[in-house]
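J.:
Residue numbers (my numbering), protein chains in the order written: chain A, 476 to 780; chain B, 476 to 780.
#1: Within 10 angstroms of its Cβ, does residue 501 of chain B collect 16 or more other Cβ (buried), or is it exposed?
#2: Give me the subset of the segment 532–546 of chain B whose CB atoms are less than 9 Å from a CB atom of chain A, sorted by chain position.
#3: Please decide whether residue 517 of chain A counts as near chain B, where near means a Cβ-Cβ distance under 8 Å.
#4: Apart from the five residues on each side of it in sequence, which residues of its chain come closer than 8 Å, Cβ to Cβ, to residue 736 of chain A?
#5: Under the three-state reduction of DSSP, which class applies to residue 750 of chain A: helix, strand or coil?
#6: Which same chain residues, not among the five before or five after residue 547 of chain A, have their C-beta less than 8 Å away from its C-beta?
#7: Under a three-way DSSP split, which group does residue 664 of chain B fall into?
#8: Would you list the one or two residues that DSSP bridges to residue 621 of chain B?
#9: Would you call the segment 594–609 of chain A and the segment 654–669 of chain A in contact, with 3 or more CB pairs under 8 Å?
#10: Identify which residue in B:712, B:612, B:602, B:639 has its Cα closest to the Cα of residue 623 of chain B.
#11: For residue 590 of chain B, is the classification buried or exposed, using 16 other Cβ atoms within 10 angstroms of its Cβ as the cut-off for buried?
#12: Report the partner residues of residue 701 of chain B according to the DSSP bridge assignment.
#13: Which complete beta strand (DSSP E) runs does the segment 582–659 of chain A hold, if anything under 3 residues is left out?
#14: Nearest CA to the CA of residue 715 of chain A: which residue from A:723, A:722, A:724, A:705?
#15: Straight-line CA distance for residue 479 of chain B to residue 702 of chain B?
#16: Could you tell me which of B:744, B:768, B:770 sits nearest to residue 680 of chain B, measuring between CA atoms?
#17: According to DSSP, simplified to helix, strand and coil, what is residue 541 of chain A?
#18: Between which two residues does the beta strand (DSSP E) containing residue 515 of chain B stretch?
#19: Taking the alpha-carbon of residue 688 of chain A as reference, which of A:584, A:626, A:780, A:675 has the nearest alpha-carbon?
#20: Pick helix, strand or coil for residue 777 of chain B, following the three-state DSSP scheme.
#21: Shortest alpha-carbon distance to residue 573 of chain B belongs to which of B:626, B:513, B:505?
#22: Examine the Cβ distances between the segment 671–680 of chain B and the segment 622–641 of chain B and report whether three or more of them are shorter than 8 Å.
#23: Tell me where the beta strand (DSSP E) around residue 722 of chain B begins and ends.
#24: Strictly under 8 Å for the Cβ-Cβ distance: is residue 737 of chain A near chain B by that measure?
#25: Express the C-alpha separation of residue 742 of chain B and residue 511 of chain A in angstroms, rounding to a whole number.
#26: Interface residues of chain E around residue 498 of chain A at Cβ under 8 Å?
#27: Taking 8 Å as the threshold (beta carbon to beta carbon), is residue 487 of chain A in contact with chain B?
#28: Between residue 570 of chain A and chain B, is the shortest Cβ-Cβ distance under 8 Å, so that the two count as touching?
#29: Beta carbons nearer than 7 Å to chain A: which residues of the segment 598–625 of chain B have them?
#30: Looking at the strands, I want to know which residues DSSP matches up with residue 717 of chain A.
#31: Which residue wins for smallest C-alpha separation from residue 691 of chain B, given the options B:732, B:517, B:503, B:494?
#32: Residue 483 of chain B CB to nearest chain A CB: under 8 Å?
#33: Starting from residue 674 of chain B and walking both ways along the beta strand (DSSP E), at which residues does that stretch end?
#34: Can you check DSSP and say which residues form a bridge with residue 692 of chain A?
#35: For residue 767 of chain A, I'd like the list of residues in its chain whose CB is within less than 6 Å of its CB, leaving aside the five on either flank, ordered along the chain.
#36: Quick check: the Cα distance between residue 471 of chain A and residue 647 of chain B, rounded to an integer number of angstroms?
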């Protein structure tokens, strides 16, 4: 019996409540064998499309107030957490090894001196034309950038996670072998001033938050479940090669050779390396459908110290 | 050291994120002495204005999908829970008796055979004119009623809570003397079909959910904090009399005499009576600012078996 952090992508959760419910039934099926095997786990999920949707609703609605991004993130944790705990409850039901599952609303501490705050990079929310984008930037101080030819969007910083503020709750639940959903969307980013926590407009990468979570709860492995079956060198070229096992030292060389796509495989690999470096324990990147095999180190890419 | 459920009104939380943060600083100040006294507690909060705001944003926004009411409730638990746990963390900071605090996203079971499902009474979401209300009713099956001269609104059922689905998580946290925020807005209403849970469009009264929570966690008392300092007979008349202590038997008489306002004091009294009847333990209705005194039974109305 081991303790794991499982990281799930927000892009795999669909664009509305019905889609999300259906897709999460499938996620629950993939994770169920690991619960049956007796493993303890914290599930961290992404929230990119969902927090964007929530933010956009408040922006477009004429009679509701502006909603800060940290609060939209908190809403997305309730929304997605509800569906994950519901799906896991439903798939465990009637099985002898059914266990309690719940979502902990999670604040994740970031450092106000993180260089990311000097260089916002993460596009969020609605698209604007150039004129509206300039007006918005002037009135709010938002940093607006042109995004993939589709218009202008606000960008926010993506600082590194420093601490999980609700770790005591998460650990208390894990100690009772309960399944925990936490740090959704990478967590609600907060900074500390004179011992008090304040929400900030930022996005913490959910894989980095997963790595920090895995470190803090003493996970035996970090498992990142995604859309591809493994890490590849020269991905999407005729020369692509799957990595079954790879060490930190080998990855350093591949990183220097620029093998991994920014905003896609790169943050996953960096997160795995951070966990494996800090703990000496393995990380796994695998397809959601291979979750059970990946736990037996028979699928995906295993990252070793 | 005792175990309590504290019920907080959603109307006291303000209409936007900034207001809510400010008001919750005040709530945290009122509750802090009880934490310092070593009491364990589950905090249940209302969400009427907040879930209405979230629902309205999705309704008014042209480019985001329809959002079912159960999912809006889940979002409100993340939004309000984040602010409560943040405010309590901030006020406890630096004090030796600081304790972990977190929010558990909570599904509350209701009975599909509850008579409330035959008679929806709880108005939610946007106001419509008569024509639009009729069109909406025809296309969706929503029950629309005229609401206080301001237009037509959808009404949903308000069934009684039967069980708290995440009780094991809440109990595990309480056993570690952690402070728990749960069943926000009365909980996300779910019904059970063949052992699986499904969200339903309904609103569970948060005071009734608090009473069920208090029963399940074995609370020593249920404490409902509200805007008035106590329960009154002939309230808002020249003859009004404050009730300092009252028994279930006395309340039955006052109820028969129609002393308490529906949708306001009545559900609070019914919730207290349900808890006190089921457990033989006291309930308290008091003003938020009197929280510390109310815990010493020196303020508010004490309901005894």
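Even for Gly, the Cβ is constructed at its ideal location relative to N, Cα and C.
T.: Per the coordinate set shown:
#1: exposed
#2: 532, 533, 534, 535, 536, 537, 538, 539, 540, 541, 542, 543, 545, 546
#3: no
#4: 710
#5: helix
#6: 526, 529, 530, 533
#7: strand
#8: B:627
#9: no
#10: B:602
#11: exposed
#12: B:762
#13: 582–585, 597–603, 618–621, 627–631, 636–639, 654–657
#14: A:705
#15: 19 Å
#16: B:744
#17: coil
#18: 515–520
#19: A:584
#20: strand
#21: B:513
#22: yes
#23: 720–722
#24: no
#25: 43 Å
#26: In the structure shown, chain E does not exist; the protein chains are A and B.
#27: no
#28: no
#29: none
#30: A:707
#31: B:517
#32: no
#33: 671–674
#34: DSSP, once it has assigned bridges, lists no residue as partnering residue 692 of chain A.
#35: 508
#36: No information on residue 471 of chain A is available, as it lies outside the stretch 476 to 780 that chain A covers here.
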